[in-house]
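The working numbering puts the sequence shown at residues 6 to 97.
Where is the CB? At the ideal position from N, CA and C, for every residue including glycine.
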Amino acid sequence: MKKVELVESVVEATGFTKSDATKAIDAVFSAITKALVNGDKVPLVGFGTFAVSERAAREGRNPRTGETVQIAARNAVTFKPGTALKDAVNNN
6 MKKVELVESV
16 VEATGFTKSD
26 ATKAIDAVFS
36 AITKALVNGD
46 KVPLVGFGTF
56 AVSERAAREG
66 RNPRTGETVQ
76 IAARNAVTFK
86 PGTALKDAVN
96 NN
């Protein structure tokens, strides 16, 4: 689903204008992003939890040349689905 399709879905469900629905979706994404940047978890009850996990530096291999390369440490966003979301997906 693209963002445009998400906006349309929110418009149909709420009766908001496209502009208002876009602002609401952008505000939610922005709030989640800010919380993750600050190192907080974002639990959305019934949906799932967004969190940041640290990935350690490691050695990798260039698939073309076979040469060993260093992959830097980084932070990664993780998502753990909630029970309601898992049930909805599996009972389709």
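Notebook entry, point to check: Got a sec, what are the start and stop residues for the beta strand (DSSP E) E59 sits in?
Noted result: 53-60
Item checked: Extent of the continuous beta strand (DSSP E) run through N95 -> Taken as a continuous stretch (DSSP letters only), N95 belongs to no beta strand (DSSP E), being part of the alpha helix (DSSP H) at 88-95.
Item checked: Cutoff 6 angstroms; reference A40; Cβ partners in own chain excluding five residues on either side -> V47
Check: Is there contact between the region 24-32 and the region 56-73, where contact requires at least three CB pairs shorter than 8 angstroms?
Finding: no
Notebook entry, point to check: Going by the CB atoms, is the gap between L90 and F52 shorter than 8 angstroms?
Noted result: yes
Margin query: What would DSSP say about A77, mapped onto helix, strand or coil?
Written below: coil
Next item on the list: Just grab the DSSP bridge partners of P48 for me.
Entry: T54
Check: Looking only at DSSP bridge pairs, what is R63 linked to?
Finding: I76
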